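One point on numbering: in this note's numbering, the residue at position 237 of the sequence shown is 348, and numbering is uninterrupted.
To keep things clear, I will list the structure first and then write my remarks on it.
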Amino acid sequence: MAVEEQRQGLMGEHSPVQTIKYDVGQEETPRSLRQSAPSWFWRMGIPSLLLAVPLAYIVLIIMLLVLNTKERSSFGDNVLEVLRVASTIWPISFAAVVGPFLKSAALYSAENGSTLGSLEFLLTSQTSVAALKNLFIIRHIRVWTIAIVVVWCLSPLGGQAATRSLSLEQKSINSTLPAIHYLGGNVSDMNVFYSGIGFEYVPFSGASIQNTIISDMKSAIVASFYTIYALASHSNGSSRRFETIVQALGGPQQAARLGQRDLWRNVRIPFIELLPGYNATERDAWVAVPSDQVAPYASLIGLPIRGGSFPRAGNSTMIVKTHYQTLSCGKDFNGTEWHKAGSTRLLYHNTTSGSKYLNEQYKGLARNKVYPNIFLDIVNDTAAVADHLNQSFYPVTEPATKLELVIGGGCHEDIPEWTWTTMMRICSISTTYIDMEVNCTRLGPMADTNCQAERVRHTPGFPLVGNLTALSSKLTMEGIIWEMPMTTASYHVSHYSNLEMYLQEPPLLIQRRDDLIGNQPGCFSNVPTHVFEARLATALNTFIMGMYNSTVLTGSDGTSLENRGQAWHNGTAVWTEFKPSVYAINMAWFSAWIASTLVLLVCGVTGVYLRCLIKAPDFLDSVVGLTRDSPLIEVSHGGSGISGCDRLQAIKDVKVKICDIMPDEEVGRIALTTRINDSRLRWKRVYS
């Protein structure tokens with residue numbers, strides 16, 4: 112009932128209001144709507160200019176379609192830059208088209224009859240947030256109001272879609288190439304090779320051959336101990352000089368990179384048992400080789416690999432099978448009983464009365480007057496030695512026992528007197544068989560091919576710790592036992608050899624200064640057992656791999672894969688090379704951008720079309736509309752057919768105020784008026 116009375120009050124008659132003329136002249140003459148309306152340019156031209164916005168985006172969309180799958184060019188890069196700018200200005204340009212369209216729709220609706228709620232929604236939904244807010248505040252939920260909210264949601268979506276629609280992609284081509292690697296994990300081939308009477312001559316094949324090629328082996332081994340990556344080998348956490356060496360090499364990543372290949376660019380074999388993340392119970396699992404820290408490797412000499420790449424930029428990946436020796440050592444002990452006169456515990460060294468010191472004994476050719484401080488031997492276990500040395504070439508059977516390596520040297524105490532004690536360690540020898548994933552990279556036709564082990568795993572079907580070893584061959588066993596202590600030994604008595612310094616303190620390998628660690632070059636009692644066995648195993652593998660054909664080891668055999676001997680094993684590599692970058696359209700984002708642009712175009716065209724139909728003056732988009740036909744606004748009306756913009760030019764300097772228009776009454780009334788007085792609004796006053 113109250114609402115009905117209010118509605119009748121609003122519709123009731125008002126007393127006529129006298130018009131106050133602010134301009135000098137006569138009464139305004141009524142004019143036709145065409146005469147009062149703005150020019151065609153202002154009514155149609157300006158809205159038509161807004162069509163340039165969606166049309167510009169359509170041209171850009173066509174450019175993207177042209178660039179799709181094309182190779183990179185300066186024009187394409189310029190288009191990408193334009194897309195970045197377009198994504199920034201998209202919300203602004205979107206509002207510049209959709210906002211006027213909604214105002215035109217509101218004016219057209221008002222001319223043809225509409226509800227106040229509809230007009231309010233159309234006029235005030237000028238942003239996505241405002242449209243969403245109006246949906247709930249005005250509570251004018253219709254299909255078209257929801258559609259307007261959806262249209263405004265295309266504003267942020269279209270901006271993001273524009274910049275993500277086109278990108279540069281590198282297309283790759285994969286091809287399979289032949290590759291070969293030297294002496295893999297084939298047990299029969301290993302047995303033949305280390306026996307020295309098979310398909311390759313090794314330094315211990317016989318007296319004449321040994322005289323000819325033993326120097327090649329020694330040269331490779333000595334050179335390996337003089338490499339900078341050997342300084343950081345197996346010293347992380349066991350040497351206080353490790354961090355200094357890593358920083359001298361250029362930091363952890365550079366030190367890791369330098370250790371991935373040997374002096375002749377052969378791929379070094381990771382020590383899988385010492386890699387971070389290794390779990391012996393998951394024997395078939397791949398273990399990654401870290402590239403951000405110095406990784407543990409099984410030898411200072413790497414595995415020769417040939418093929419698997421083209422003489423141009425690209426990457427290759429291959430799986431190679433290989434093996435290395437591991438040691439499991441016990442604690443050091445007093446070995447006096449082992450070398451006393453008449454002892455038979457050592458297989459090779461002479462312990463009869465009057466014989467030379469163990470570290471000075473040498474079997475074979477002259478030892479060139481060098482003085483090693485350590486000796487190697489094999490535990491004289493008749494059954495175990497026979498189990499290993501009586502192996503046939505084919506078929507090869509796994510020995511039931513393990514060979515045990517003995518290493519010994521002198522340790523002395525200054526108190527109570529200078530006394531020497533021969534300390535020994537016994538180490539069980541095993542063989543680890545691994546699959547190694549090798550990744551190679553070549554940056555261009557004139558660049559080197561850089562390869563490194565990416566990850567490794569135990570070879571399925573092979574023993575986790577095999578008993579058959581390189582020393583299961585008599586020739587190799589004897590050669591390693593006698594040559595390993597002598598090869599890097601000094602010509603000066605009691606001076607460190609490279610091998611002895613490596614076992615003691617790898618960071619001092621090249622300096623070999625006994626004043627920094629003490630003058631006990633044959634004593635390793637202060638080295639933890641797990642560290643000592645890792646270093647000794649690495650040294651042992653270095654000497655074993657030093658037996659490889661020197662032309663193969665140094666790369667002087669060439670790159671041809673034809674007419675290779677039995678020591679080489681065939682494989683395949685996956686070669687990946689990249690084409691020049693091409694432009695590629697992301698169809699999901701591109702479709703979203705096309706949809707947003709089409710909506711923008713429809714809004715622009717519809718806005719122009721509505722302007723063609725509208726005859727009513729546009730006063731809904733201006734505060735001047737509040738002054739039309741208001742009895743409280745005493746201004747010159749200028750005719751009811753003029754637009755709000757034209758009307759504003761005539762009355763823009765007129766002052767208005769929201770105040771109490773009935774200050775003298777008991778109940779006041781608030782309104783916008785030109786009747787400016789001092790009646791300010793008060794919190795406690797009652798207003799109708």
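Idealized CB from N, CA, C, for every residue including glycine.
Because the structure is a prediction, the values reported are computed rather than measured.
Please name the residue or residues paired with residue i in a DSSP beta bridge.
| i | result |
| --- | --- |
| Phe232 | For Phe232, which the question treats as bridged, DSSP gives no partner whatsoever. |
| Gln622 | For Gln622, which the question treats as bridged, DSSP gives no partner whatsoever. |
| Ile696 | Leu277 |
| Arg553 | Gly425, Thr560 |
| Asp327 | DSSP output for Asp327 lists no bridge partner at all. |
| Met535 | Phe444, Gly519 |
| Ser541 | Thr437 |
| Asp488 | Val517 |
| Tyr408 | Pro381 |
| Lys432 | Asp546 |
| Ile372 | The sequence given here has Arg at residue 372, not Ile. Answer is Val378, bridged to Arg372. |
| Arg183 | None, per the DSSP bridge assignment. |
| Asp566 | First, the amino acid is wrong: residue 566 is Arg here, not Asp. Per DSSP, Ala399, Glu548. |
| Asp300 | Per DSSP, none; premise fails for Asp300. |
From what residue to what residue does the alpha helix (DSSP H) around residue i run?
| i | result |
| --- | --- |
| Trp593 | 585-598 |
| Leu178 | 163-178 |
| Gly573 | Just to set this straight, residue 573 is Phe in the shown sequence, not Gly. First-last for Phe573: undefined, no H or E at that position. |
| Ile157 | 157-160 |
| Arg250 | Where Arg250 is concerned, there is no enclosing alpha helix (DSSP H), given that its DSSP letter is neither H nor E. |
| Ala495 | 493-500 |
| Gln358 | 353-359 |
Alpha carbon to alpha carbon, what distance is there between residue j and residue i?
| i | j | result |
| --- | --- | --- |
| Phe643 | Leu575 | 21 Å |
| His606 | Asn285 | 55 Å |
| Glu124 | Asn223 | For Glu124, the predicted model reports a pLDDT of 42, less than 50, meaning its position is unreliable; a value from the coordinates is still stated below. Near 25 Å, if we compare the C-alpha coordinates of Asn223 and Glu124. |
| Ser283 | Ala684 | 15 Å |
| Gly520 | Phe336 | 20 Å |
| Trp449 | Leu457 | 7 Å |
| Ile252 | Leu246 | 6 Å |
| Met535 | Val517 | 7 Å |
| Gly572 | Asn297 | 12 Å |
| Gln271 | Glu182 | 24 Å |
| Gly370 | Pro596 | 24 Å |
| Phe444 | Cys562 | 42 Å |
| Asn681 | Met547 | 14 Å |
| Gly577 | Val398 | 20 Å |
| Thr433 | Glu384 | 15 Å |
| Arg376 | Arg566 | 18 Å |
| Lys585 | Glu673 | 32 Å |
Cβ of residue i within 7 Å of any heavy atom in the ligand NAD?
| i | result |
| --- | --- |
| Gly682 | Summarising the ligand content, the structure contains no ligands, and the ligand NAD is consequently not present. |
For the beta strand (DSSP E) containing residue i, name the first residue and the last one.
| i | result |
| --- | --- |
| Phe689 | 679-689 |
| Ile787 | Where Ile787 is concerned, there is no enclosing beta strand (DSSP E), given that its DSSP letter is neither H nor E. |
| Gly307 | That residue, Gly307, is in no beta strand (DSSP E); it is neither H nor E in DSSP. |
| Ile416 | 416-418 |
Look up residue i in the DSSP assignment and say whether it is helix, strand or coil.
| i | result |
| --- | --- |
| Cys634 | coil |
| His606 | coil |
| Ile291 | strand |
| Thr448 | The question names Thr, but residue 448 is Glu in the sequence shown. Three-state DSSP puts Glu448 in a helix. |
| Leu800 | Residue 800 lies beyond the range of the chain shown here (112 to 799); nothing can be said about it. |
| Met658 | coil |
| Gly669 | coil |
| Leu458 | coil |
| Arg195 | helix |
| Asn674 | coil |
| Lys244 | helix |
| Tyr219 | helix |
| Asn285 | strand |
Just mark residue i as buried or exposed, buried being the case when its beta carbon has 16 or more other beta carbons within 10 Å.
| i | result |
| --- | --- |
| Val208 | buried |
| Ala366 | buried |
| Asp771 | buried |
| Ile325 | buried |
| Ile257 | exposed |
| Pro165 | buried |
| Leu360 | buried |
| Arg623 | buried |
| Cys723 | exposed |
| Gln677 | exposed |
| Phe689 | exposed |
| Asp395 | exposed |
| Asp488 | buried |
Does any CB atom of chain C fall closer than 8 Å to the CB of residue i?
| i | result |
| --- | --- |
| Gly418 | Reference to chain C is not applicable here, since this structure consists of a single protein chain. |
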